[in-house]
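See below for the structure under consideration.
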Amino acid sequence: FGFQHLIREDMDNLAKLITQEQGKTLGDARGDVFRGLEVVEFACGAASHLMGETMEGVGRNIDTYSYRVPLGVTAGIAPFNFPAMIPLWMFPVSAVC
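Convert by adding 36 to the 1-based position in the sequence shown; the result is the number in our numbering.
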């Protein structure tokens, strides 16, 4: 939730930086940050739902198990015209999973 708080606290500064760097209008840049923030908010709440499951007796002699196992490093390639929104769609969700 700290990451979410930092983005919300500095939303205007982030939008101004995007405007200076990319040439977007301030409204578009704010929307970019806001749409990314929505995904961060989802990711903050998703961790409590990803606990792994065990279901015994799904079928005859069949049990299912799911485990949370870290897979390692993640990477993302974002287009230049969405410098905040696309990375905020990728990295918070990968950190939770």
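Every residue, glycine too, gets a C-beta built ideally from N, C-alpha and C. Computed from a prediction, not measured in an experiment: that's the story for all the values here.
Whether residue i touches residue j by CB criterion (8 Å)
i	j	result
residue 42	residue 69	no
Sequence-distant residues of the same chain with beta carbon closer than 6 Å to residue i, five excluded per side
i	result
residue 121	68, 71 and 72
residue 55	62 and 65
Rounded straight-line distance, which links the Cα of residue j to that of residue i
i	j	result
residue 53	residue 88	40 Å
residue 96	residue 103	22 Å
residue 131	residue 44	19 Å
residue 99	residue 108	27 Å
residue 110	residue 79	16 Å
residue 106	residue 119	27 Å
Supposed close pair residue i, residue j - CB separation, criterion 8 Å
i	j	result
residue 75	residue 128	6 Å
Cβ shell of residue i (< 7 Å), same chain only, five flanking positions each side left out
i	result
residue 112	123, 126 and 127
Neighbourhood of residue i by C-beta, 8 Å cutoff - its chain only, sequence neighbours within 5 removed
i	result
residue 58	65, 116, 117 and 119
Whole runs of the alpha helix (DSSP H) within the region 51 to 96, excluding any shorter than 4 residues: 62 to 82
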